[in-house]
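Enquirer: Got a structure here, written out as structure tokens. Questions coming.
Residue numbers (the numbering used here): 990 to 1374.
The structure is reproduced here in structure tokens:
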């Protein structure tokens, strides 16, 4: 706050103590043309841009070294790393340009807002397909990939509308909430629920297959997401208390220099932590293939062993079918039932009579079948018929 005192150099005799002054006042800060509350963003986004440039360079170098073993998901991570680096550079250019020229470039502002919406959409997209196990648990997501891409496009559109709304809206109304805020919140909620469900499903599959290396990677991913969720919750609680008295003039005087951090800074730092931790887990390494699909699941090995066992060594009670034109061994005894197909020598072997059946039963079952026996022909009509 600045106070200006104007005092006439010479007081006239009829001076009554008041003056009407018409003047044009220009304020020039020693740091530049940006408002004092936004000036820290120049250094903040400059440092972020430098950090992301280093991260991007390290990732690209690593990807080049192990380019023969790159996983499909790592190509997506390369793309978003380059994208975020460009976004941070544009943010720095916008604030630095504004600070040096006092020109609030609408073009740069729209580009920065669109890149921010794209960054958020791509982050949700890659996080979701990572949690689905793309390239690690599943070779392809099939039609699900199209659904994820469509949701990403819708979320990006809603994000751009929200960014435009922040620029043009001066008063929060029901229409503003319905048109700008609600669609973005809806798509974000779908991403959250779908991502957590996919991560839980992938962990369960890896536990069933006993793939420890992949399982540990997904468990660490879950820990990172939990930490980020806790940090975001802490941020919302702290910012709610911090902005509780924002309408008070004293609050403005005390907090004007840190207001930018609660609006832009804190969430960007949380994002930096989560992004760096996740790409560190999925970084290209010499042992990249242990996370790829070349690693045969343990349950698949068991299935192969069982198949070989049944093909080469038939178990007791399993009847092997003769191959066409194959010679049947003389001592081979096959037990089976023939429904509707007559014997090849049906003319030589006639139908068995009931007496032959009764005789066979007496010899093999140790039961005499006659009128005085415990089991009569009438009682056993169902068996012999």
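Every residue, glycine too, gets a C-beta built ideally from N, C-alpha and C.
The structure presented is a predicted model; accordingly, all values stated were derived computationally and were not measured.
#1: Taking C-alpha atoms, which residue in 1130, 1116, 1086, 1196 lies nearest to residue 1020?
#2: Would you say residue 1263 and residue 1213 are within 9 Å of each other, going by their C-beta atoms?
#3: What residue range is occupied by the uninterrupted alpha helix (DSSP H) comprising residue 1201?
#4: Leaving out five residues before and five after residue 1073 in sequence, what residues of the same chain have Cβ atoms less than 6 Å from its Cβ?
#5: By how many angstroms is the C-alpha of residue 1221 removed from the C-alpha of residue 1171?
#6: Taking residue 1193 as part of the alpha helix (DSSP H), name the residues at either end of that continuous run.
#7: For residue 1088, is the classification buried or exposed, using 16 other Cβ atoms within 10 angstroms of its Cβ as the cut-off for buried?
#8: So, helix, strand or coil for residue 996, using DSSP?
#9: With respect to the alpha helix (DSSP H) encompassing residue 1077, which residues constitute its N-terminal and C-terminal limits?
#10: In the DSSP assignment, what residue or residues form a beta bridge with residue 1030?
#11: Would you mind sorting residue 1245 into buried or exposed? The rule is 16 or more other CB atoms within 10 Å of its CB.
#12: Can residue 1046 and residue 1078 be called in contact, C-beta distance under 9 Å?
#13: Opposite residue 1127 in the DSSP bridges: which residues?
#14: Name the two residues that bound the continuous alpha helix (DSSP H) containing residue 1267.
#15: Spatial neighbours of residue 1065 within its chain, please: CB distance less than 6 Å, with the 5 preceding and 5 following residues excluded, ordered by chain position.
#16: In its own chain, which residues sit with a C-beta less than 6 Å from the C-beta of residue 1319, not counting the 5 before and 5 after it?
#17: Can you find the residues in the same chain that come closer than 8 Å, C-beta to C-beta, to residue 1149, ignoring five residues on each side of it along the sequence?
#18: If you draw a straight line from the alpha carbon of residue 1180 to that of residue 1057, how long is it in whole angstroms?
#19: Can you say whether residue 1191 is buried or exposed, counting buried as having 16 or more other CB atoms within 10 angstroms of its CB?
#20: Which term fits residue 1273, buried or exposed, when burial requires 16 or more other beta carbons within 10 angstroms of its beta carbon?
#21: With C-beta atoms as the reference, is residue 1063 less than 9 Å away from residue 1271?
Expert: So, to answer that:
#1: The residue given as residue 1020 occupies position 31 in the chain shown. Residue 1086 is the option with its Cα nearest to residue 1020.
#2: On the chain shown, residue 1263 is found 274 positions in, with the first residue counted as 1. On the chain shown, residue 1213 is found 224 positions in, with the first residue counted as 1. Yes; because the gap between Cβ atoms is below 9 Å, this pair is in contact.
#3: As a first step, residue 1201 is located in the chain shown; it is residue number 212 there, counting from the start. 1201–1231 is the span of the alpha helix (DSSP H), which, as asked, contains residue 1201.
#4: One-based indexing of the chain shown puts residue 1073 at position 84. Contacts found: 1041, 1108.
#5: In the chain shown, the residue the question calls residue 1171 occupies position 182. In the chain shown, the residue the question calls residue 1221 occupies position 232. Answer to the nearest angstrom: the Cα atoms are 20 Å apart.
#6: Mapped onto the chain shown, residue 1193 falls at position 204. Start and end: 1171–1198.
#7: In the chain shown, residue 1088 corresponds to position 99, counting from 1. Its Cβ being crowded by 16 or more others within 10 Å, residue 1088 is buried.
#8: On the chain shown, residue 996 is found 7 positions in, with the first residue counted as 1. Residue 996 falls in the coil class under three-state DSSP.
#9: Against the chain shown, residue 1077 aligns to sequence position 88. 1061–1090 is the span of the alpha helix (DSSP H), which, as asked, contains residue 1077.
#10: Here residue 1030 refers to the residue found at position 41 of the chain shown. In DSSP, residue 1030 forms no bridge with anything.
#11: The count along the chain shown starts at 1 and reaches residue 1245 at position 256. Result: exposed.
#12: Indexing the chain shown from 1 puts residue 1046 at position 57. Indexing the chain shown from 1 puts residue 1078 at position 89. No, the pair does not count as a contact, with Cβ atoms beyond the cut-off.
#13: Mapped onto the chain shown, residue 1127 falls at position 138. Beta-bridge pairing links residue 1127 to 1123.
#14: Here residue 1267 is taken as the residue at index 278 of the chain shown, counted from 1. Residue 1267 -> alpha helix (DSSP H) spans 1255–1270.
#15: Mapped onto the chain shown, residue 1065 falls at position 76. Correct list, in chain order: 1115.
#16: Start at 1 with the first residue of the chain shown, and residue 1319 comes out as number 330. With a pLDDT of 44 at residue 1319, under the threshold of 50, the predicted position of this residue should be treated as unreliable, though the coordinate-derived value follows. For residue 1319, where only same-chain residues beyond five positions count, there are no Cβ hits under 6 Å.
#17: As a first step, residue 1149 is located in the chain shown; it is residue number 160 there, counting from the start. Counting only Cβ-Cβ distances below 8 Å, and skipping sequence neighbours, we find 1102, 1103, 1106.
#18: Within the chain shown, residue 1180 is the residue found at index 191, counting from 1. Within the chain shown, residue 1057 is the residue found at index 68, counting from 1. Cα-Cα distance, rounded: 32 Å.
#19: On the chain shown, residue 1191 is found 202 positions in, with the first residue counted as 1. Buried.
#20: In the chain shown, counting from the first residue as 1, residue 1273 sits at position 284. With 16 or more other Cβ atoms within 10 Å, it is buried.
#21: By one-based count along the chain shown, residue 1063 stands at place 74. By one-based count along the chain shown, residue 1271 stands at place 282. Yes, the pair counts as a contact, with Cβ atoms nearer than the cut-off.
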